[in-house]
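FYI, in our numbering the residues of the sequence shown are 73 to 408. Structure first, then comments.
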Amino acid sequence: MMYKEKDHRVHRILSIYERLVKGKVLNKEQLALEFGVNNKSIQRDIEQIKFYLANQPEYASLELQYSRKYRGYQLLGSENQNLKREGLLAMVKILLASRAFNEKEMNYLINTLLNQLELSDRKLIKELIGNELFNYVPLKHNRDVLDKVWELSEIIHNRQIIEVSYIRGNHKRLRRHLKPVSIMFSDFYFYLIAYMEEMKYDSYSSETLNNNYLRVFRVDRFENYRVINRQFYLPYSNRFEEGEFRKRIQFMFLGELIKLKFEFYGSKIEPVLDRLPTATILEQDFDKYVIEAEVYGKGIVMWLFSQSSSIKVLSPPSLVEEMKEELRRLSNMYNL
């Protein structure tokens, strides 16, 4: 009988500790009812957990405290970073909206995330996303990408040169030696950002390197790749900066870095500023804005045409002429 009571108490303490680590707020009275003991027994369990944490150097940043706001005990500290159900639901929604993974990988990711939660929260989230998951439509290529993203990220970390076989959008195959510098996600796809192997650093600025040697490849289009037993060196002054790159690129199309200036007509300027993170408002007159932004040229043209009814390009002159020429072509095509 004594051993059964001891086993029951051990199970109870471990269960309480596991919930605390998962970020739960635990009420002493509710725990007493659940485990069929009195409040003093639960209080002794909590003191045991406190004593254990206080005597483990690796848990020095953790502290078990009573929250008056939530009327329960919670584990605080830098180690306690488990996702709560609110954050986890948001992540699952973003995953589904991205459509970046085939059904097998999407189910694996969602189930892995949900397994961090207690059964009741897991069931609730499954109900909330059930229809969206049932009607999930993966991308047409339907390929596995998780392993590729990880392998290529390790290659980037190790500064290794790779030989790739790549299927282009026109179904032509090309082989290249690449110096990978980043993996990025944008508009449904993962992309490998890489320099061509033949680039030299000595006589080029970062901008020239980006224009002449930087290339963007969709990860799902790699037929195969292998590491060549050579590493490459990239000077700190020429390092690839993902954050700065992402601010200036649209739809992962490269081109010359330009300073774009345009007029926008409309009452809702926020979508424009969200689309162009480098944008600044130079002038405003009621619903007319003059905007300036740094962007890579080719991708921005697609977006400008999609917004042509509310945007007038002012500079650079080459882009103004390109827009005019495309409008003339479309007018002739549709006899406008």
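Cβ coordinates follow ideal geometry from the N, Cα and C atoms, glycine included.
- Setting aside the 5 residues that flank it on each side, asparagine 99 is surrounded in the same chain by Arg143 and Gly144, each with a C-beta closer than 7 Å to its C-beta; the list follows chain order.
- For glutamate 175, same chain residues with a beta-carbon under 7 Å away, outside a window of 5 residues either side, are Tyr208 and Pro210 in chain order.
- The beta carbon of arginine 347 sits closer than 7 Å to those of Trp375, all from its chain and outside the five residues before and after it, given in chain order.
- In the three-state reduction of the DSSP assignment, valine 299 falls in the strand class, which pools E and B.
- Proximity of the region 122-133 to the region 172-188 falls short of the contact definition, fewer than three beta-carbon pairs being nearer than 8 Å.
- Measuring C-alpha to C-alpha distances from lysine 165 to each of Lys198, Lys122 and Phe377 identifies Lys198 as the nearest.
- The Cβ neighbour count for valine 82, taken over all protein chains shown within 10 Å, is under 16; the residue is labelled exposed.
- The region 291-298 and the region 313-330 do not touch, with fewer than three beta-carbon pairs separated by less than 8 Å.
- Taking all protein chains shown into account, tyrosine 138 has fewer than 16 neighbouring C-beta atoms within 10 Å of its C-beta and is therefore exposed.
- By alpha-carbon distance to lysine 244, the top candidate from Arg293, Asp357, Leu205 and Ile234 is Arg293.
- In its chain, beyond the 5 residues on either side, Tyr238 and Arg240 have a beta carbon closer than 7 Å to the beta carbon of leucine 246.
- Nearest to tyrosine 89 by C-alpha distance, out of Lys112, Glu135 and Val236, is Glu135.
- In this structure, DSSP gives lysine 333 an extended state, which the three-state scheme calls strand.
- Distance from the CA of glutamate 335 to the CA of glutamate 314, rounded to the nearest whole angstrom, comes to 28 Å.
- The alpha carbon of valine 221 has as its nearest neighbour, out of Lys195, Phe257, Arg91 and Ile114, the alpha carbon of Phe257.
- A distance below 8 Å separates the beta carbons of leucine 160 and leucine 185.
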